[in-house]
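Residue numbers (the working numbering), protein chains in the order written: chain A, 1 to 296; chain B, 297 to 592.
All C-beta atoms in this analysis are idealised placements derived from N, C-alpha and C, irrespective of residue type, glycine included.
Presented below is the structure to which this report refers.
There are 2 protein chains.
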Amino acid sequence: MQIPQEACVNLKQLEYFVAIAEEHQITAAARRLHISQPPLSYELAQLERELGTTLVRRGPRSATLTDAGKLLYERATRILALAQATKRDVEGVGKGMTGVLTLGVDASCAGLVPGTRLVELASTPNVSVELREGDTPQVLEMLEGGVVDIGVVRTPFASAGLRCRYAKTERMLAIMPPALEVGSEMEVTCTQLSGVPVVLARRLEEQVRATFDEAKAELSVGCVVDDERTACTWARGGMGVALAPETLLPVTDTGDCFIKVIAEKGLSTRQAVVWKADRYMSPLAQRCLALLGDLG
Amino acid sequence: MQIPQEACVNLKQLEYFVAIAEEHQITAAARRLHISQPPLSYELAQLERELGTTLVRRGPRSATLTDAGKLLYERATRILALAQATKRDVEGVGKGMTGVLTLGVDASCAGLVPGTRLVELASTPNVSVELREGDTPQVLEMLEGGVVDIGVVRTPFASAGLRCRYAKTERMLAIMPPALEVGSEMEVTCTQLSGVPVVLARRLEEQVRATFDEAKAELSVGCVVDDERTACTWARGGMGVALAPETLLPVTDTGDCFIKVIAEKGLSTRQAVVWKADRYMSPLAQRCLALLGDLG
DNA sequence: CAACGCCATACAATTCTCGTATGACTTGTT
DNA sequence: AACAAGTCATACGAGAATTGTATGGCGTTG
């Protein structure tokens with residue numbers, strides 16, 4: 001049922017031919033190729049048939065190239081080099097050793113990334129990591145739009161159509177200027193913060209209100225700001241008690257403020273690594289996921 | 297006895313892959329390749345095994361490329377284009393449609409070359425003809441030294457190690473100024489030229505002397521010159537009877553001289569196309585030989 | 001002049017590649 | 001909701017292609 005097929009030059013044939021051209025001898029080339037001599041003669045003849053040209057003049061002591069052979073040798077080495085490089089590169093991409101990884105990170109988590117093994121990825125040659133920062137809804141939007149491969153966000157978030165892996169749980173901190181210190185040495189409850197002016201990041205407002213309500217505590221919002229770091233700065237200036245997740249500490253100067261943990265678990269957040277369930281994950285992205293596993 | 301051989305990416309596999317990439321579908325690609333679908337699936341899987349990478353994400357309605365697949369597509373098209381161009385070019389050289397042909401021509405025969413089908417060769421794109429002129433011994437020396445592929449010379453010549461094909465037989469002419477006219481209307485013999493001053497090209501001297509001796513005629517050399525055309529010019533000026541082969545006529549102004557054929561066959565010469573017997577003849581050179589066949 | 005080395009051919013064995021048949025799965029329609 | 005249509009993967013058999021061993025011709029070298 002199989003129809004005899006017409007000519008199709010093989011890379012193998014080119015390798016054979018190059019070996020012959022470089023050894024100036026069929027037998028020696030066969031040794032170099034770890035095959036016996038007759039198949040090499042056969043394949044050379046085959047190649048010549050396919051090209052309709054004599055490529056090698058068989059002398060009694062040596063095999064030399066014809067004009068056509070010289071041309072083919074030039075080209076064949078180029079083709080083989082290109083094919084070899086291609087194989088190597090494609091394998092590299094396949095193993096996640098090459099490529100571009102786009103990462104969307106909630107700005108309030110960005111401080112943690114350098115502590116993960118992700119730095120290995122970024123420092124790999126031929127791998128570049130493109131980081132997009134934003135708040136959690138923005139990151140999710142990037143993910144949805146396919147702008148980024150992987151997101152690092154903070155709970156709570158809408159996870160429809162997403163797969164995620166939760167990482168470190170972060171407690172909510174209260175950064176208190178000395179004048180406003182309340183609570184025990186390590187912890188403070190919402191109730192203890194009743195009536196105390198609070199400096200709050202906008203994205204936390206709803207979550208904080210809900211937690212205070214549940215604790216039957218009175219929330220006195222002194223100020224709502226966009227960025228947690230600003231909240232911390234203002235607290236240091238005496239504007240009130242700032243509420244911010246743990247991550248903030250390494251990147252902010254809290255001056256002489258007291259740092260206490262808020263006891264209510266409802267204000268704890270978790271970081272999560274998320275990606276679209278139906279999206280193709282490149283090997284590089286998969287490797288990234290594996291490395292981000294150490295986040296928690 | 298045949299050892300299972302390790303991976304070797306085929307150009308065929310690349311063609312298959314490119315078809316799949318461009319059709320975004322395996323079945324459609326198979327139609328385009330005029331093969332059935334299962335082998336195509338098989339070969340794709342094979343290619344992926346060899347590269348250790350998923351190249352195509354098989355969707356229910358379409359096949360899309362992974363990152364590695366996109367890279368491979370880029371490279372594969374380049375490789376295939378290069379291979380195709382190479383095949384075309386090598387075939388071109390093989391058919392003598394491409395290359396450089398070096399031709400050594402006896403200057404006294406040079407006038408004939410433009411009348412042959414060799415002009416076809418010279419006007420072919422990618423073919424250039426390099427012409428070296430000289431006298432017959434010089435041309436033979438070029439041939440011996442490998443400076444030229446083919447020579448066009450005039451008899452007699454030493455033909456050791458040469459192959460040749462004789463072409464047109466040229467008779468020797470006597471160009472007579474009116475004052476020196478002898479002989480019948482068309483022909484003249486050596487005997488008739490006895491004592492008549494002769495203007496002779498150096499390369500003919502020996503041959504002419506021998507012929508006159510054989511005819512028991514007395515040769516009176518009035519002048520020996522290097523170039524037949526000069527001999528002719530001087531004859532026109534009355535210096536004597538010039539002896540020159542037929543070929544000279546189209547390229548020389550004989551003024552009011554009489555042109556007669558020398559009856560002795562010994563002074564006829566033949567043009568010959570010669571080449572080294574043991575030298576590799578490129579397809580272009582072979583094609584040239586075929587075209588020069590029309591010389592006679 | 002015989003031994004040696006290189007290349008080509010002959011033949012057999014095995015692997016490779018292709019086609020047909022078939023099943024699993026998804027999508028769009030009745 | 002069930003069915004038809006289409007795509008892709010697997011199973012299997014047939015033919016072609018590639019490889020190895022054996023062998024002979026031919027020119028060179030001791």
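Beta-carbon of residue i versus every beta-carbon of chain B: anything under 8 Å?
{"i": "A:Tyr16", "result": "no"}
{"i": "A:Ile262", "result": "no"}
{"i": "A:Val194", "result": "Sequence check: residue 194 of chain A is Ser here, not Val. Output row for A:Ser194: interface = no."}
{"i": "A:Ser62", "result": "no"}
{"i": "A:Cys288", "result": "no"}
{"i": "A:Lys12", "result": "yes"}
{"i": "A:Thr66", "result": "yes"}
{"i": "A:Leu72", "result": "yes"}
{"i": "A:Val93", "result": "yes"}
{"i": "A:Ser282", "result": "yes"}
For a cutoff of 8 Å on Cβ pairs, would you count residue i as touching chain A?
{"i": "B:Glu426", "result": "no"}
{"i": "B:Thr382", "result": "yes"}
{"i": "B:Tyr338", "result": "no"}
{"i": "B:Gly422", "result": "Note on identity: in this sequence residue 422 of chain B is Asn, with Gly being the wrong assignment. Chain A contact via Cβ: absent."}
{"i": "B:Val305", "result": "yes"}
{"i": "B:Val386", "result": "yes"}
{"i": "B:Arg371", "result": "yes"}
{"i": "B:Arg353", "result": "yes"}
{"i": "B:Ala325", "result": "no"}
{"i": "B:Leu347", "result": "yes"}
{"i": "B:Leu378", "result": "yes"}
{"i": "B:Gly457", "result": "no"}
Excluding the five sequence neighbours on either side, which residues of its own chain have a C-beta within less than 7 Å of the C-beta of residue i, listed in chain order?
{"i": "A:Ala110", "result": "Glu133"}
{"i": "B:Ser564", "result": "Thr465, Glu466, Arg467, Met468"}
{"i": "B:Tyr369", "result": "Val314, Ala317, Leu361"}
{"i": "B:Ser337", "result": "Ile322"}
{"i": "B:Glu501", "result": "Val520"}
{"i": "B:Gly518", "result": "Pro493, Val494, Val495, Met535, Gly536"}
For residue i, count the other beta carbons within 10 Å of its own beta carbon; 16 or more makes it buried, fewer makes it exposed. Which is it?
{"i": "B:Gly534", "result": "exposed"}
{"i": "B:Cys553", "result": "buried"}
{"i": "A:Gly96", "result": "buried"}
{"i": "B:Met482", "result": "exposed"}
{"i": "B:Ala511", "result": "buried"}
{"i": "A:Gly255", "result": "exposed"}
{"i": "A:Lys265", "result": "exposed"}
{"i": "B:Ser578", "result": "buried"}
{"i": "A:Gln271", "result": "buried"}
{"i": "A:Asp226", "result": "exposed"}
{"i": "B:Ala326", "result": "buried"}
{"i": "B:Glu339", "result": "buried"}
{"i": "B:Asp385", "result": "buried"}
{"i": "A:Arg287", "result": "buried"}
{"i": "B:Leu476", "result": "buried"}
Who pairs with residue i in a beta bridge, going by DSSP?
{"i": "A:Lys260", "result": "A:Ala174"}
{"i": "B:Pro541", "result": "B:Met468"}
{"i": "B:Pro493", "result": "B:Ser516"}
{"i": "B:Gln309", "result": "DSSP, once it has assigned bridges, lists no residue as partnering B:Gln309."}
{"i": "B:Pro396", "result": "The sequence given here places Val at residue 396 of chain B; Pro does not occur at that position. Paired residues: B:Ser424."}
{"i": "B:Ala463", "result": "Partner(s): none; B:Ala463 has no beta bridge."}
{"i": "B:Leu458", "result": "B:Lys572"}
{"i": "B:Glu429", "result": "B:Val401"}
Throw me the rounded Cβ distance for the residue i and residue j pair, which I believe falls under 8 Å.
{"i": "B:Leu307", "j": "A:Cys8", "result": "7 Å"}
{"i": "A:Val208", "j": "A:Ala242", "result": "Incorrect: roughly 11 Å between the Cβ atoms, too far for contact."}
{"i": "B:Ala531", "j": "B:Pro473", "result": "6 Å"}
{"i": "A:Ile150", "j": "A:Val273", "result": "6 Å"}
{"i": "B:Glu426", "j": "B:Leu399", "result": "7 Å"}
{"i": "A:Ala68", "j": "B:Gly390", "result": "5 Å"}
{"i": "B:Ala418", "j": "B:Ile471", "result": "B:Ala418 to B:Ile471, Cβ: 31 Å. No contact."}
{"i": "A:Val127", "j": "A:Leu101", "result": "7 Å"}
Looking only at its own chain, which residues have a Cβ that is under 8 Å from the Cβ of residue i, when we skip the five neighbours before and after it?
{"i": "B:Glu416", "result": "Leu587"}
{"i": "A:Gly115", "result": "none"}
{"i": "A:His24", "result": "Ser62, Ala63, Thr64"}
{"i": "B:Asp431", "result": "Asp402, Ala403, Ser404, Arg499"}
{"i": "A:Trp275", "result": "Leu143, Asp149, Ile150, Gly151, Leu162, Arg163, Cys164, Met281, Ala285, Leu289"}
{"i": "B:Thr485", "result": "Gly479, Ala511, Ala513, Ile558, Ala559, Glu560"}
Spatial neighbours of residue i within its chain, please: CB distance less than 6 Å, with the 5 preceding and 5 following residues excluded, ordered by chain position.
{"i": "A:Gly296", "result": "Residue confidence for A:Gly296 is low, a pLDDT of 48 falling below 50, so the modelled location carries little weight and cannot support an answer."}
{"i": "B:Gly479", "result": "Gln488, Lys556"}
{"i": "B:Arg525", "result": "Thr548"}
Given the structure, does residue i come close to the ligand SAM, in the sense that its CB is under 7 Å from one of the ligand's heavy atoms?
{"i": "A:Ala215", "result": "Questions concerning the ligand SAM fall outside what the structure shown contains, since it holds no ligand whatsoever."}
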